[in-house]
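Report on the following structure.
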Amino acid sequence: MSNNDSSLFGIHGAALQLRSRRMGMLASNIANAATPGYKAQDIDFDAALRRSMQGGSAETAASAETLYRVPVMTALDGNTVELQTEQLAFSENAVGYATTLSFIQGRVETVTRAIRGE
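Residue numbering for the sequence shown follows the UniProt record's numbering, starting at 1 and increasing by one per position.
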C-alpha cells in the first residue's frame, strides 16, 4: 500500500486487503474439508493489521501472521479442517469485509463530493 492510499483510506485499506486474503484462505480450508492430510490455515488478523500499520505491506503481514489451525478433534486422515469452525470464521470475516468496504466507500464518496465542490 502506498503512502497516498494509507493517508486516504487509513487503516481500512490494509484491513480490506487482509480480510480478502483471509477470505481466500478460509474458503480453501472449506473446499479441502475432505482432503486427507490437509492442514487448515488462518491469519491472525489483529496481529497482521498491527504489523501492516507499522510500515509493512498487507501481503507481507498476512504471510508473517499465517498460522496452522489446531483442531479440537483430530481426524484419522490427518486433515485439520473442522467445517463448523471454518464456516463461522468465514462468516465473521465476510461481515468484517463488508463493513470495511462500507467505510472505504464512504471515504470515496466524501472525496468525490469534495472534488465536485458540493
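Even glycine gets a Cβ: it sits at the ideal position worked out from N, Cα and C.
Predicted model only: the values in this text are computed from it and were never measured.
Who are the near neighbours of residue i in its chain, counting only those whose CB is closer than 8 Å to its CB and skipping five residues on each side?
{"i": "Ala94", "result": "Met23"}
{"i": "Gln87", "result": "Ile30"}
{"i": "Leu67", "result": "Gln41, Asp42, Ile43 and Asp44"}
Just how far apart, CA to CA, sit residue i and residue j?
{"i": "Arg113", "j": "Ala48", "result": "33 Å"}
{"i": "Ala61", "j": "Leu83", "result": "26 Å"}
{"i": "Ala27", "j": "Thr85", "result": "12 Å"}
{"i": "Ser52", "j": "Ser20", "result": "14 Å"}
{"i": "Phe9", "j": "Thr110", "result": "11 Å"}
{"i": "Ser2", "j": "Tyr38", "result": "Low confidence applies here, because Ser2 scores a pLDDT of 44, under 50, leaving its location unreliable and the question unanswered by this model."}
Keeping to the same chain, check which residues put their C-beta closer than 6 Å to that of residue i; ignore five residues upstream and five downstream.
{"i": "Met25", "result": "Gln41"}
{"i": "Ala33", "result": "Val81 and Leu83"}
{"i": "Pro71", "result": "Thr80 and Glu82"}
With burial defined as no fewer than 16 other Cβ atoms inside 10 Å of the residue's Cβ, what is the status of residue i: buried or exposed?
{"i": "Ala31", "result": "exposed"}
{"i": "Glu118", "result": "exposed"}
{"i": "Leu16", "result": "buried"}
{"i": "Glu65", "result": "buried"}
{"i": "Gly13", "result": "buried"}
Looking only at its chain, what residues have a beta carbon closer than 7 Å to the beta carbon of residue i, apart from the 5 residues adjacent to it on each side?
{"i": "Glu92", "result": "none"}
{"i": "Pro36", "result": "Asp77, Gly78 and Asn79"}
| Just checking, does the region 50-64 make contact with the region 96-104 on the three C-beta pairs under 8 Å criterion? | At 8 Å Cβ cutoff, the stretches do not touch.
| Segments of 4+ residues assigned as alpha helix (DSSP H) that fall wholly inside the region 30-55 | Complete alpha helix (DSSP H) runs here, min 4: 45-53.
| Length-filtered (3 minimum) beta strand (DSSP E) runs lying within the region 52-95 | Qualifying beta strand (DSSP E) stretches, in chain order: 66-68.
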